[in-house]
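Residue numbers (this note's numbering): 310 to 773.
One structure is given here, and the rest of the page talks about it.
What follows is the structure in structure tokens.
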């Protein structure tokens, strides 16, 4: 079993930045979200950063977290005037390190694939957020009581606050880190949504501070709307900023959750932020799963509908398209043309040069076919070296003009397949439907018959 995972020299810069981020998050939290004693906050974002450090660096992150936490917490502990501030700060800093290591272990055991679906969030919240922070909160709280920083009668409420605040730090930071690691940067459209919702949240928070506290509850619907419009990384970023802003406003003795003397008001605040974060992340993860599922479905649908070698439509897709065009033509009286194409002497190409070269020839012929079609035309590989083209709103004569251009271009082209330079030609048969009792199969049979007329007439020609 590997107990230590030492960072490489390439990871040194990341390690230094992570320690700096931990220290700044802790100090900023004390300034914006402080509760007494001054080293304890309503929101401990550093717990999430500590978990990320452990996930990246392994157990070697433990002393780094302890060092950063000690540096951030010692000034506040020393100002409290109790005995042995360095010792009690070291114990509390060690508890922060324990929280990061335990969160890493729980993550690897219970959610090894990361947060990929909404159902992962409950396991993540209980096993990764609440469990490790309960252990560290008990360690910190007992340490503060024994050091004279906290009265025994405040122990229960203090532990409750500490667990929620530290858990919230993990819940806000880790999904943000994971999503920005895995996903592309938000698109321009995502950016517009993020900016619009950010302005809306800012307005709601401003109104709440101005004496209309109910507006703070409109922040959740705004975030819900965002969760269905942008990628998870954008949602996680704005969610974190919104929740930090709400807590920061309360820390400045403003907003609907501020109460000068009520511990319950503080618990109401962090509970509101925690549940809001949980709900929004759950919905965003579910939406992300739906997007991924839809993208996968589209990929497989594209594979099923197209020939994998040439990228043209498959026979199974092409035939229904011809039937639909036939019905439209029968109703409207407007013609359509159908062409059948076959590469001349293609068996000899495979026999002489091999199937890999033959595949390259098929692919290049398909590209030439596509370059000679209108947007409304549909081309397919019917099988082997045989192709079909559907020309809506076209007579046989009009289709023949485009097809003759294609035939001449192919005759003049030299196809490259590895070290080989090969010239091939193509034979074409074209049929048209102008209304009447003729069936789609009959039109196709006519085009097939004309194709063989072209082949029997010397190949490299077109018949209609």
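Glycine is no exception: its CB is placed at the ideal position from the N, C-alpha and C atoms.
- A direct Cα-to-Cα measurement between residue 328 and residue 355 gives close to 10 angstroms.
- The alpha-carbon separation between residue 399 and residue 387 amounts to approximately 12 angstroms.
- Annotation for residue 729: the continuous beta strand (DSSP E) segment containing it runs 729-731.
- The alpha-carbon separation between residue 338 and residue 596 amounts to approximately 31 angstroms.
- At the C-beta level, residue 429 and residue 359 stay beyond 8 angstroms of one another.
- Going by beta carbons, residue 744 and residue 591 fall outside the 8 angstroms limit.
- In the three-state scheme derived from DSSP, where H, G and I count as helix and E and B as strand, residue 651 is classed as strand.
- Every alpha helix (DSSP H) stretch that sits fully inside the segment 344-380 and reaches 4 residues is listed by chain position as 355-366.
- If you draw a straight line from the Cα of residue 773 to the Cα of residue 713, it is about 11 angstroms long.
- If you draw a straight line from the Cα of residue 695 to the Cα of residue 728, it comes to about 25 angstroms.
- In the DSSP annotation of this structure, the continuous segment of the alpha helix (DSSP H) that includes residue 477 starts and ends at 464-491.
- Remark: C-beta atoms of residue 735 and residue 716 approach each other more closely than 8 angstroms.
- In its chain, beyond the 5 residues on either side, 671, 672, 675, 690 have a beta carbon closer than 7 angstroms to the beta carbon of residue 619.
- In this structure, residue 688 lies near residue 622, with their beta-carbon atoms less than 8 angstroms apart.
- The beta carbons of residue 439 and residue 476 sit closer together than 8 angstroms.
- Here residue 632 is exposed: its Cβ has fewer than 16 other Cβ atoms, across all protein chains shown, within 10 Å.
- If you draw a straight line from the Cα of residue 650 to the Cα of residue 725, it comes to about 21 angstroms.
- When rounded, the separation of the alpha-carbon atoms in residue 647 and residue 754 is 10 angstroms.
- About 5 angstroms separates the CB atoms of residue 556 and residue 342; that is less than 8 angstroms, so the two are in contact.
- Here residue 415 has 436, 437, 440, 441 as same chain residues with Cβ atoms under 7 angstroms from its own Cβ, once five neighbours each way along the sequence are excluded.
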